[in-house]
Amino acid sequence: MLDMSWGEVMLIGGVALIVIGPKDLPKALRTLGQVTTKVRRMAGEFQHQFNEAIREAELDEVRRDVEGVKRTVDAAKPGFNPVDTIRNEIRSAVEGRTGAPAGTSTTPPDTGSFDVPRPASEPAAAQAASPATAKPETGKPETGPTS
């Protein structure tokens, strides 16, 4: 700490012996040791409190980050439910519907006619000319050529 050599320590000890005297030197060295201990203890406490303050500051930063993540998750929670989403997708696939909400049907109601819905790309005139999609006038299916 104080980079002193043995020679310098001996010189200080000799001067202290002459100045303080041999009778009071042990008391002075004891007092010097107690003061040194107190200074080291105070320095250690200061360093501990300083490190604790740094840790608290880091923990506060981490705590703020975690709270920010929690707020983000809570904000997304009402609209995002992966279990319900997967359940609906599986239910739709099993029931043969894609994207239809549960309880609704995508099949047209049965009207009792022989209409075949035409694709949107096929014009109405081409559908009317097609014999497979022509309506019988009696409401009964055609039976074949009569001779």
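So for the sequence shown, this note's numbering puts the first residue at -9; every next one is plus one.
Where is the CB? At the ideal position from N, CA and C, for every residue including glycine.
By DSSP, does PHE36 sit in helix, in strand, or in coil? helix
Alpha carbon to alpha carbon, how far is ARG45 from VAL84? Give it in angstroms, no decimals. The straight-line gap from Cα to Cα measures roughly 55 angstroms.
So what does DSSP say about GLU(-2), is it helix, strand or coil? helix
Tell me the residue span of the alpha helix (DSSP H) that contains PRO72. First-last of the alpha helix (DSSP H) with PRO72: 72 to 85.
Is VAL52 a contact residue of the ligand HEM, with contact defined as CB to any heavy atom under 7 angstroms? Among the ligands in the structure shown, none appear at all, so the ligand HEM cannot be discussed.
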